[in-house]
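Residues 407 to 580 in our numbering are what the sequence shown spells out, letter by letter. Glycine is no exception: its CB is placed at the ideal position from the N, C-alpha and C atoms.
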Amino acid sequence: MEYLTKIKIKDLVQNVIETKLNRYWGETDYKPFFEALFGEAVIIQTSILHSFYTSFGMSVYEPIAKILAENAGYEAQTQYDLLGEIDAQTENMINELCQSNTPPDKVREIEKIKQSIKEAKPRQDKDSRLDIFIYKPNTNEELYIDITTAKPNKKEFGALRRKMLRWCGLRFSQ
407 MEYLTKIKIK DLVQNVIETK LNRYWGETDY KPFFEALFGE AVIIQTSILH
457 SFYTSFGMSV YEPIAKILAE NAGYEAQTQY DLLGEIDAQT ENMINELCQS
507 NTPPDKVREI EKIKQSIKEA KPRQDKDSRL DIFIYKPNTN EELYIDITTA
557 KPNKKEFGAL RRKMLRWCGL RFSQ
């Protein structure tokens, strides 16, 4: 990794942490049960740490992904809207793929969507928003990234799979 890239990432993380600490205000000061068990200092530390976990997504992870992609020579945008429209037949096929008990096969499923999708207008969709969009100009590849918890459960994995398939449908409709 280039030195300037490391500095950008270090400065970003440091700035986010300092800003968070300077602006931090706990939800409530009254937690008698937990204070009796753990003490006020532990409650405050835990609250701040939890606040970091929830704010790092857009504040840190997305900008770091953008910095790394640009450092590698790619184009990148955060909070990118992928426009398009999915016809009823393709939507039904996506539903069937997500409800089947067969193991996911990303390449095969994307190809099925590509063959099924109808051309449509570039419209906003409930799944249009990508956390990070990366374009590789040398190969014309596009990467769609959704930042989620470190350990998604089965339900969350299914929702992410559906979203990924819908993203492909939206793009192929253009």
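My output table needs one value for residue i: the three-state DSSP class, helix, strand or coil.
i: A482; result: strand
i: L488; result: coil
i: R529; result: coil
i: S579; result: coil
i: E408; result: coil
i: D417; result: helix
i: I523; result: coil
i: P438; result: helix
i: T496; result: helix
i: T425; result: helix
i: W573; result: helix
i: N501; result: helix
Which same chain residues, not among the five before or five after residue i, have their C-beta less than 7 Å away from its C-beta?
i: R567; result: C504, P510
i: K426; result: S457, F458, S461
i: K437; result: I449
i: Y467; result: I553
i: N428; result: none
Could you pull the DSSP bridge partners for residue i from this structure?
i: L549; result: I540
i: R535; result: D487
Give the single residue among the options whose Cα lies nearest to the Cα of residue i.
i: S465; options: L474, A447, T484; result: T484
i: A471; options: L571, K561, D552; result: D552
i: C574; options: R429, T545, D531; result: D531
i: N546; options: E491, E424, G479; result: G479
i: L536; options: S461, K512, S457, T554; result: T554
i: F356; options: W431, Y430, R429, S453; result: Coverage of the chain is limited to positions 407 through 580, which leaves residue 356 absent and any answer about it impossible.
i: Q495; options: Y409, T411, L410, R572; result: R572
i: E515; options: Q451, Y430, M570; result: M570
Using a Cβ-based criterion (distance less than 8 Å to any ligand heavy atom), does residue i qualify as near the ligand HEM?
i: Q420; result: Judged by which ligands are present, the structure shown has none, so any question about the ligand HEM falls away.
Excluding the five sequence neighbours on either side, which residues of its own chain have a C-beta within less than 8 Å of the C-beta of residue i, listed in chain order?
i: K518; result: M499, L503
i: L489; result: P528, R529, Q530, D531, S534, L576, Q580
i: A482; result: A471, K472, A475, E476, I538, F539, I540, Y541
Which residues in the same chain as residue i place their Cβ atom closer than 6 Å to its Cβ, once the five residues preceding and following it in sequence are excluded?
i: K520; result: F578
i: D493; result: K524
i: L418; result: P469
i: K582; result: Nothing can be reported for residue 582: it is not among the residues displayed for the chain, which extend from 407 to 580.
i: L549; result: I540
With a floor of 4 residues, list each alpha helix (DSSP H) that falls wholly inside the region 440 to 480, ordered by position along the chain.
-> Counting whole runs of 4 or more residues, the region 440 to 480 contains the alpha helix (DSSP H) stretches 446 to 462, 468 to 477.
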